[in-house]
Each structure stands twice: as structure tokens, then as C-alpha cells.
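Presented below is the structure to which this report refers.
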Amino acid sequence: MGGALLVPGSLAIISASFPPDQRGRAIGTWSGFSAITTAIGPVLGGWLVEHVSWRAVFFINVPLAAAVLAISFWHVPESRDKGETGSLDWPGAVLATIGLGGLVYGLIESSRVGFGNAGVLSSLLTGVVALAVFLFNETKARNPMLPLRLFRSRNFAGANLLTLLLYAALGGSLFFLTLNLIQVQGYSATAAGAAFLPFVLIMFGLSRWSGGLVDRFGARLPLLIGPLIAAAGFAMFTLPGQGANYWSSFFPAVIVLGLGMAVSVAPLTTTVMGSVKEEQSGVASGINNSVSRTAGLLAIAVFGVILLHTFSSHFGQRLANIAIPEELRQSLYQQRVKLAGLELPANLNSDTRRQLQQAVAESFISGYRLIMFIAACLAVGSAASTWLMIGKKKER
744 MGGALLVPGS LAIISASFPP DQRGRAIGTW SGFSAITTAI GPVLGGWLVE
794 HVSWRAVFFI NVPLAAAVLA ISFWHVPESR DKGETGSLDW PGAVLATIGL
844 GGLVYGLIES SRVGFGNAGV LSSLLTGVVA LAVFLFNETK ARNPMLPLRL
894 FRSRNFAGAN LLTLLLYAAL GGSLFFLTLN LIQVQGYSAT AAGAAFLPFV
944 LIMFGLSRWS GGLVDRFGAR LPLLIGPLIA AAGFAMFTLP GQGANYWSSF
994 FPAVIVLGLG MAVSVAPLTT TVMGSVKEEQ SGVASGINNS VSRTAGLLAI
1044 AVFGVILLHT FSSHFGQRLA NIAIPEELRQ SLYQQRVKLA GLELPANLNS
1094 DTRRQLQQAV AESFISGYRL IMFIAACLAV GSAASTWLMI GKKKER
């Protein structure tokens, strides 16, 4: 709830504080600082988990929240739409929460019990129905949380479609990349967080420059090139196998993906904010941030289903070729929902343990490569949305 109140407001403040000819660089700076904090978080969090406690990961946010409050009270002027007097769209908020929650819960549980389970089916059906009713409610509500009229703007609609596809690729792929680094490649939590540092440093270093490109040339060109570079980065993540060297395998992919996202993020945000009136900037920012968060959430759930099915198929085939008792084979296969985190018995001989560990790793990598390929396709699709929907000039 706190994040939902904070993030849209930050971009609305920028729109209210900077003239249009400076807004691209301002949003680029915002994107850069967002990136640098995203980088520090996993590294610091991993270090705290390893050397202090998992509780420290949550405690560290308390002084950060205090700093935000102090800055808000003393340095942020108030800005609002003086013509807006209606009540909040509580029915829309409840329906959206139930709808997205039902879909995500159903997708996650399907990995454990299958799509034929009554609880999974009812959860998915509830989610679909709630979202349908939500859209109907938004057409009738006096002050809808999702004003559908904003999507009449091709730039706004295209930018949000690009956000949906690109952030689904990013959120889903990075989640399972972390599992690969820790469970398959053997990285510590700190090292896995540090593996993303080049990505974030590129984002931080180039975001302001990328925002300036919008002021000079418009958003269409970077929003065509950036997602295609990101697609190449996702594709490069399909190459490393078990025991791959970071600097020759993961590092180049992180660099290319970081470059693609750096070229994309500031122009994307600028396009969203520039396609609506200034007094609607808070709503536009909220919608775009909701789309990006929802995209990542749904992608993790969907990618998880894809990865589990691929892992299960390959793992079953590899288990059949290893000389172990049938009871052990069935016990290991029943743990497949844990993916590369499944537990091997302690009394195995070294050769059998090595074969099983290799079977687990190779099965995980098979599914991981598939979802990285899907992520690359989503990124290409996001570039296509730019080509088809986002104009060369700003809408007035």
C-alpha cells in the first residue's frame, strides 16, 4: 500500500515541477536513481541475510522511510488537480485486487496441483470474472481509478502495451536468472545480487542521456532500438550452461540488457507522461507503474508454470537413465516443484549424487533457456508496439 502511494506521486511531482522541454532529462535522472537503488538493494540485502539476519533486510527500510518523510515535508511542494472533487474508486480497487490476486494465485498453485484442481479453476475463474467486472465498473464510475478514455491516445496505449511486454520479460526473466545463479551456478546471495550491478550502473549512467534523446529527437526511435537491444540481451542469457564463467557468459548478457533498458526506460516514461494533460499525470503514472508491476507479477507466475513443466519433462527423462531404486526415483520426481532446489538423500554414493545433480541442473537450464527465449520474443513484441502505435511527434 505504501509503494502504491509513493511511486505514482514521484513522477507526478516531476511533471508538475519541470517544463516539457526539461522533463525528459528530469525523468531520466529519476530513472537513474531508481536504477541505482535497485542495484544496492539486492547486494546489501544478500550481505545482510548472510552476515546479520533476514530480519535486517526489513529493518533497513525504516531509516529510509524516515528520510523520505523528512524530504517530503521540507522540500516537496504540494500539487494537485483542483478540479477533482469526487471520491476514490474503492469498488475498482477491490475488483482489481481480487482479479489479479485470483489469476496469480491460480497460476502459482497450478504448478503444485495442476490446472484440473477445483481450487485452481475457481481461483482463475474468480480472477477473470473480477477483472471483467472491473473494466465494466471503470466505464461507469464517476472517478475511475483506470480512466479508459486515456487509452484513446495511441501514444499512451502503445507505451503501456510496450511496458506490459517489456517488463513482463524483465521481471520474469530476472527472477529465474537469480534462481539459476544461486541454485545451479552455486553463487551466494551476495554474489547473485552483485551480478546485476553492471546492469544498474549502465542504467544509472545512461538514463539522463537517454531522457535527453527524447527532448532532442522524440521517443519513437529509442523505443524501437532499446527493446531490440534488450531482446538481444535476453537471447544471450540462453547460452550459459552449468558451471559457466560469469565474465564470459552472464556478464556480456547483463551489459547488453542494461544498455537496452537504459535506452528504453526514460523515453518510455516520458512518452506516458507526455501523452496526457499535466493534471492527469498522477493517474497516468499510476497506471503505467501498475502495468509494469502487474506484468512482472504475471510473468513470474506464467514463466514458473512453463519452467516447471519443462523441468519435469526433462528431469523425468534423465531420472529414467540413472540406475537408482524406483522408490528413490519417484521420491525425487515428486519434489520437482522445488526445481533446482530439490533435496538429494544424504546416503548417496558420490557417482550417483553427481549424476543426479547434473540431471537437476540440466533440467533446470532447459526450462530456463525456454523462458529467456520467450522473454526475448516479448521484447521484440514491445518494439513492434512502438512501430505500430507510438507516433513520431508528441500528442497535444
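Per my numbering, residue 744 is the first one in the sequence shown, and the count goes up by one each step. Cβ coordinates follow ideal geometry from the N, Cα and C atoms, glycine included. These figures come from a predicted structure and were not determined experimentally.
- Measuring C-alpha to C-alpha distances from Leu922 to each of Gly1134, Ser1128 and Arg1112 identifies Arg1112 as the nearest.
- Restricting attention to alpha helix (DSSP H) runs no shorter than 4 residues, the region 883-937 encloses them at 897-922 and 932-937, ordered along the chain.
- At least 9 angstroms separates the beta-carbon of Leu949 from that of Gly1059.
- When secondary structure is reduced to three states using DSSP, Asn880 falls in the helix class.
- DSSP, reduced to helix, strand and coil, places Ala769 within a helical segment of the structure shown.
- Approximately 24 angstroms separates the beta-carbon atoms of Val1123 and Leu850; this is outside 8 angstroms, ruling out the contact.
- In the DSSP assignment, Phe1107 falls within the alpha helix (DSSP H) that extends over Ser1093 to Met1132.
- Taking C-alpha positions only, Phe899 is separated from Asp958 by approximately 18 angstroms.
- If you ignore the 5 residues before and after Asn880, its C-beta comes within less than 7 angstroms of the C-beta of Pro834, Gly835 and Leu838, all in its own chain and listed in chain order.
- For the 9 angstroms CB-CB criterion, Gly954 and Ala769 form a contact.
- Looking at Ala809, Gly1029, Pro941 and Ala911, the one whose alpha-carbon comes closest to that of Trp990 is Pro941.
- The straight-line gap separating the alpha-carbon atoms of Ala809 and Thr1012 is approximately 27 angstroms.
- Taking the CA atoms as reference points, Gly1025 sits about 34 angstroms from Ile1114.
- The closest CA to that of Leu891, considering only Val999, Gly961 and Val1019, is found on Val1019.
- Assigned with DSSP and collapsed to three states, Ala873 falls in helix.
- DSSP places Phe947 within a helical segment (H, G or I) once states are collapsed to three.
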